[in-house]
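Here is the structure we will look at.
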Amino acid sequence: MTKAKEQAIPSDLDRPDEVFELAAELFRVMSAPMRLKIISCLCDGEKNVSYLLSKIGTTQPNMSQHLNTLYKNGVLGKRRDGVQIYYRITDERIPALCRAVCTKIETEGSFKPA
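In my numbering, each residue carries its 1-based index in the sequence shown increased by 68.
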């Protein structure tokens, strides 16, 4: 890599602190395996709660708690259609992030901190 190209690529540490704080908050919100399963299930479009329950296999109160956390933190959007509530992912970068991490773990083995 040439000296000019090295200078053109900013170091991650050159990012504002707010970027790291927001990234840490997003990782915190997505830190539960159940939430990652929900995001994975919603990757191909919005789904209602009944569908999510049938695919993920948890209790309705547990599902509601995780959906509410993801919704309140802006990861998911929702709409009501009669008695059904449909959830969708609000940012297409979120599934890509989840896929990248899960694929890395799946192909290289479990993540073991030093």
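Just so it is clear, CB atoms sit at the ideal spot from N, CA and C, and this is done for glycine as well.
These numbers come from a predicted model, not from an experiment.
Discussion item. Does the stretch 149–160 come into contact with the stretch 111–131, if we say contact requires no fewer than three beta-carbon pairs (one atom in each stretch) closer than 8 Å?
Written reply: yes
Item to complete: Check the DSSP bridge columns for residue 105 and list the partner residues they point to.
Response: Note: residue 105 sits in no beta bridge, so no partner.
Worksheet item: Which residue comes first and which comes last in the beta strand (DSSP E) that contains residue 159?
Response: It is not in any beta strand (DSSP E) - residue 159 carries neither H nor E in the DSSP assignment.
Fill in: Beta-carbon contacts of residue 102 that lie in its chain and below 6 Å, excluding the five residues immediately before and after
134
Item to complete: Please state whether DSSP places residue 83 in a helix, a strand or coil.
Response: coil
Fill in: Residue closest to residue 107, alpha-carbon to alpha-carbon, out of 174, 176, 170 and 177
170
Fill in: Distance CB(residue 163)-CB(residue 111) smaller than 8 Å
yes
Item to complete: Please name the residue, chosen from 146, 165 and 175, that lies closest to residue 113 on a Cα-to-Cα basis.
Response: 146
Discussion item. Suppose you measure from the CA of residue 115 to the CA of residue 148; what does that come to, to the nearest Å?
Written reply: 11 Å
Worksheet item: What three-state label does DSSP hand residue 110 in the structure shown?
Response: coil
Item to complete: Tell me the start and end of each unbroken alpha helix (DSSP H) in the stretch 114–174 that is at least 4 residues and wholly inside, in chain order.
Response: 117–124 and 128–140
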